[in-house]
Amino acid sequence: VKSIAVLTSGGDSQGMNAAVRAVVRSALFNGLDVYGVQRGYQGLINDDLRPMDLRSVGDIIQRGGTILQTARCKEFLTPEGQQRGAEVLRSRGIDGLVVIGGDGSYQGANKLSKLGIKTMGLPGTIDNDIPFTDLTIGFDTAVSIVVDAINKLRDTMTSHERSSIVEVMGRHCGDIALFAGLASGAETILVPEVPYDLEQVANRMRENFQHGKRHSIIIVAEGAGNGEDVAREITALNGIEPRVTVLGHIQRGGAPTHNDRILASRLGDFAVRKLMDGDSGKGCGIVKGEFVATDIEKVVTTKKAFNMELYELASRLSQ
Ligand code: F6P
Numbered sequence: 004v005k006s007i008a009v010l011t012s013g014g015d016s017q018g019m020n021a022a023v024r025a026v027v028r029s030a031l032f033n034g035l036d037v038y039g040v041q042r043g044y045q046g047l048i049n050d051d052l053r054p055m056d057l058r059s060v061g062d063i064i065q066r067g068g069t070i071l072q073t074a075r076c077k078e079f080l081t082p083e084g085q086q087r088g089a090e091v092l093r094s095r096g097i098d099g100l101v102v103i104g105g106d107g108s109y110q111g112a113n114k115l116s117k118l119g120i121k122t123m124g125l126p127g128t129i130d131n132d133i134p135f136t137d138l139t140i141g142f143d144t145a146v147s148i149v150v151d152a153i154n155k156l157r158d159t160m161t162s163h164e165r166s167s168i169v170e171v172m173g174r175h176c177g178d179i180a181l182f183a184g185l186a187s188g189a190e191t192i193l194v195p196e197v198p199y200d201l202e203q204v205a206n207r208m209r210e211n212f213q214h215g216k217r218h219s220i221i222i223v224a225e226g227a228g229n230g231e232d233v234a235r236e237i238t239a240l241n242g243i244e245p246r247v248t249v250l251g252h253i254q255r256g257g258a259p260t261h262n263d264r265i266l267a268s269r270l271g272d273f274a275v276r277k278l279m280d281g282d283s284g285k286g287c288g289i290v291k292g293e294f295v296a297t298d299i300e301k302v303v304t305t306k307k308a309f310n311m312e313l314y315e316l317a318s319r320l321s322q
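For the sequence shown, position 282 matches number 285 in full-length UniProt numbering, and the numbering has no gaps at all.
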């Protein structure tokens, strides 16, 4: 490849900018031309590309969001949209594309690869729901935001001897809830991967208060339920009225942690090297410290395994 493009797509995540920077600088270092596509696949269809130089990605490694903007593009789900995207790249003499995003973005990259564009996917999502990588770019920052919020909630919950329900993002994946719950010592973690019984949760909460606990924190992954509904059911079961906090898009903003910046930098450089090797249609990741490139087809058709060991540990430690 001589010329590549990079885009960010789907929900943004902290560290996407660090990934864009790594792709651009690694490409330039290796003598490639590199273009930034604005607004994900929508920008590709609209031929909204600009050449990137070293300075285009200066002062962004520490910023949340994405300087390339992002979009959830319906048109790109159609064969016509995908064909158009491939044509735009070809007409500009671009033979490689790095797509930074989640599941939907990977599906798009897979289609382009089948149309002859060399593509690499980078896992950019706070949800940590992409398999064949231990962590996705943005997850570490999102978890740290949730932990920080729970620390604050604990103060006021303890003063009032109250219960708090914190609803977190993650779509169909419980990882944000699991990791933040373990790190913040939550009493209960409700995730879509593990069935739960609210009667047990309510009984345990009542007993814990009776035995001297001065607060109770329940984390609800959005894929497992709605914070307000869980609160209503708990009140009906044990008479306690939990206060509900929905953290929402706060989890997707702010400066990325050093872990996310390093992950993004390593994966961005790896993706460029893979393209230079002539590889295509791969999702990039790091598993147990080793780089891996997995067929995107396999990535999008495999469900990420839930870490039951961590879940059971969190339960044991939250007595
Ligand atoms: O995939 C990232 C994510 O933040 C999910 O956790 C959440 O379900 C979804 O995106 C929210 O989407 P939107 O930003 O379009 O409301």
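We put the beta carbon where it would ideally sit given N, CA and C, even for glycine.
Nearest-angstrom Cβ-Cβ length linking residue 333 and threonine 144, presumed shorter than 8 Å: An answer regarding residue 333 cannot be provided, because it is not within the stretch 4 to 322 covered by the chain.
8 Å contact criterion, which residue 3 and alanine 258 should meet: CB distance rounded: Not covered by the structure: residue 3. The range shown for the chain is 4 to 322.
Compute the beta-carbon to beta-carbon distance between leucine 80 and isoleucine 120, rounded to the nearest angstrom, for a pair I have assumed lies under 8 Å. In fact, because the Cβ distance is near 17 Å, the residues do not count as touching under 8 Å.
Methionine 123, DSSP secondary structure in three states: If DSSP states are grouped into helix, strand and coil, methionine 123 belongs with the strands.
Taking the alpha-carbon positions, what's the serine 6 to proline 134 distance? 29 Å
Under the three-state DSSP convention, the category aspartate 263 falls into: In the structure shown, aspartate 263 adopts helical secondary structure according to DSSP, grouped into three states.
What does DSSP give as the partner residue(s) for valine 290 in the beta ladder? Glu293
Reduced DSSP category for tyrosine 199 - H, G, I as helix; E, B as strand; rest coil: coil
C-alpha gap between glycine 215 and arginine 246, whole angstroms: Answer to the nearest angstrom: the Cα atoms are 19 Å apart.
Looking only at DSSP bridge pairs, what is valine 169 linked to? Ile222, Thr248
Buried/exposed call for glutamate 210, threshold 16 Cβ in 10 Å: exposed
In the DSSP assignment, find the unbroken beta strand (DSSP E) run with threonine 11 in it and report its ends. First-last of the beta strand (DSSP E) with threonine 11: 6 to 11.
Helix, strand or coil: how does DSSP classify isoleucine 103 here? strand
Hey, out of Ile63, Ala21, Met123, Asp200, whose CA is closest to leucine 240's CA? Asp200
Under three-state DSSP, which class holds isoleucine 48? helix
Phenylalanine 182 to valine 146 span [Cα, whole Å]: Rounded to the nearest angstrom, the gap between the Cα atoms of phenylalanine 182 and valine 146 is 7 Å.
Just the C-alpha distance for lysine 291 and serine 29, rounded to the nearest angstrom, thanks. Going by the C-alpha atoms only, they are around 23 Å apart.
Consult DSSP for glycine 271 and reduce its assignment to one of helix, strand or coil. helix
Would you say the beta carbon of threonine 128 is closer than 6 Å to some non-hydrogen atom of the ligand F6P? Threonine 128: yes, Cβ under 6 Å from the ligand F6P.
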